[in-house]
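Scroll down for the structure; my scribbles are underneath it.
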Amino acid sequence: MKSSIFQNSKNVFLDTVNAKDYIQLDRVSTIYQSLKDSVKKPLKMILLYGKPGTGKSMFLTKIYHDLSTLQMVHLYNTPILDESEFFKTLAQDLLNVKYKGELNFTQFMKIMNESFIDEIPLVLLDEAQLYSPALMEKIRLLSDTRKVKFVIALHKTEKEDLIAKEHFQTRIWESIELENASSAELKIYIQKKLMKANCFDAANMFQNKSVNLIHKITKGNYRDTNKLLYSLFDIYTWYEENNPVKINKSLVSHKIIEMSAIHTGLINA
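This is how it looks when you write it as structure tokens:
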């Protein structure tokens, strides 16, 4: 195995969100299909929630990629926290109205009511836990008009869960929770990502024992797994280029997994 393949394998696990990087797992694909089915129904709002690193941003990016040629859909992967800027962006994207100066909710609703939209636009809001409660309430009121449909993705927290808020419980037809991968799912995830990049030798390095250790460290979290494996292949690349000692290229070393985990801060030295 040449060092360039180690480098290619490392790049597979860059911390980026791209619909082309979506990996089909049976459980994940079932959840994604339920999200697509929910989007087609006359719903006001759909909630997508889970701990950081469970794939919420990937789901929104893929649904945007899959639907953008079929209907009006807008993805806001970076929250617009200023209310005026939020509604000015909506006015531009949904109504093709460029508004100068401040635009409050009342003014936006007036523009909305005076405009004709031949299809209900779909708005995908990522990192929605960063929006203020006041702005979320206005988004809820906007969804009540049935002129805009929202898919809202947010982190699941222990202290406060948006689902528990009464005014959202009565308006969300569908709430979908994403979870970490099992050890078996994580093995498929790792191997499929590598094989999509034609890194077949690297994919074969991950057997049950090494994947079980990775799962123990990352708890099956996709983001943490990506970070760990990026660091792991970085270490392999360095060894290949700088260390005269030959390394086992057929199996992933537990020592290198632990070194990678320490380097990424997933475990303490």
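When we follow numbering that gives the first Met the number 0, the leftmost residue of the sequence shown carries the number 0, and every step to the right adds one. We put the CB at the ideal spot given by N, CA and C, even for glycine.
Can you have a look at residue i and say buried or exposed, based on whether 16 or more other CB atoms are within 10 angstroms of its CB?
i	result
Lys-1	Here Lys-1 scores only 47 on pLDDT, less than 50, and its place in the model should not be relied on; the value that follows carries that caveat. Lys-1 comes out exposed.
Leu-141	buried
Ala-133	exposed
Asn-267	exposed
Ser-28	exposed
Phe-5	buried
Asp-125	buried
Lys-296	Nothing can be reported for residue 296: it is not among the residues displayed for the chain, which extend from 0 to 268.
Glu-240	exposed
Gln-32	exposed
Thr-77	exposed
Ser-131	exposed
Lys-325	Lying before the first or after the last residue shown, residue 325 is absent from the chain, which here runs from 0 to 268.
Lys-99	exposed
Ile-116	exposed
If contacts are defined as beta-carbon pairs under 8 Å, then residue i and residue j qualify, I think. What distance do you get, rounded to the angstrom?
i	j	result
Ile-119	Lys-148	5 Å
Gly-54	Tyr-221	6 Å
Val-230	His-253	Residue identity differs from the one stated: residue 230 is Ser in this sequence, not Val. About 15 Å; that fails the 8 Å criterion.
Met-204	Leu-250	6 Å
Met-258	Ile-151	Not confirmed; about 39 Å, so no contact.
Leu-47	Tyr-63	Between Tyr-63 and Leu-47 the Cβ distance is about 13 Å, and since that is not below 8 Å, they are no contact.
Phe-86	Leu-102	5 Å
Among the options, which one has its Cα closest to the Cα of residue i?
i	options	result
Asp-200	Ile-175, Lys-215, Phe-232	Phe-232
Glu-113	Ile-151, Lys-146, Asp-81	Lys-146
Asp-25	Glu-257, Ile-79, Val-251, Ala-180	Ala-180
Leu-123	Thr-144, Ala-90, Trp-172, Met-71	Met-71
Ile-30	Val-210, Glu-173, Lys-192	Glu-173
Asp-81	Thr-60, Lys-215, Met-135	Met-135
Leu-69	Leu-46, Lys-35, Phe-58	Lys-35
Met-57	Gln-91, Ala-90, Thr-88, Asn-17	Asn-17
Asn-207	Lys-137, Leu-185, Thr-60	Leu-185
Asp-14	Val-210, Lys-192, Cys-198	Lys-192
Ala-260	Glu-176, Lys-215, Thr-236, Tyr-238	Lys-215
Ile-175	Asp-117, Val-38, Thr-236	Val-38
Pro-41	Ser-83, Ala-127, Asp-143	Asp-143
Considering just the uninterrupted stretch of the beta strand (DSSP E) at residue i, what are its terminal residues?
i	result
Tyr-75	72-75
Met-44	44-49
Ile-62	Counting along the chain, Ile-62 falls outside any beta strand (DSSP E), though it belongs to the alpha helix (DSSP H) covering 55-66.
How far does the alpha helix (DSSP H) with residue i in it extend, from its first residue to its last?
i	result
Ala-127	Ala-127 -> no alpha helix (DSSP H), and no H or E assigned at all.
Met-108	104-113
Phe-232	221-241
Phe-199	199-203
Val-38	25-39
Ala-183	182-195
Val-147	Looking at the DSSP string, Val-147 is not in any alpha helix (DSSP H), and its letter there is neither H nor E.
Ile-261	253-262
Asp-14	From DSSP, Asp-14 is part of no alpha helix (DSSP H); its letter is neither H nor E.
Asp-81	Where Asp-81 is concerned, there is no enclosing alpha helix (DSSP H), given that its DSSP letter is neither H nor E.
Ile-216	207-217
Here's a check: name, in chain order, each residue in its chain whose Cβ is nearer than 8 Å to the Cβ of residue i, leaving out the five neighbours to either side.
i	result
Tyr-188	Ile-22, Leu-24, Ala-180, Tyr-221, Thr-224
Please list, in chain order, all residues of the same chain as residue i whose beta carbon is under 7 Å from its beta carbon, the five residues on each side excluded.
i	result
Leu-212	His-253, Ile-256
Lys-97	Gln-91
Ser-8	Leu-193, Cys-198, Ala-201, Phe-232
Looking at the C-beta of residue i, does it have a partner C-beta in chain C at a distance below 9 Å?
i	result
Leu-212	Note that chain C does not occur in the displayed structure, where there is just one protein chain.
Could you name the residues of the same chain whose beta carbon sits closer than 6 Å to that of residue i, not counting the 5 residues immediately before and after it, in chain order?
i	result
Leu-228	Phe-12
Gln-106	none
Pro-51	His-154
Lys-218	Asn-179
Leu-121	Val-72, Lys-148
Is there at least one non-hydrogen atom of the ligand NAD closer than 8 Å to the beta-carbon of residue i?
i	result
Thr-105	With respect to the ligand NAD, the structure offers nothing, as it holds no ligand at all.
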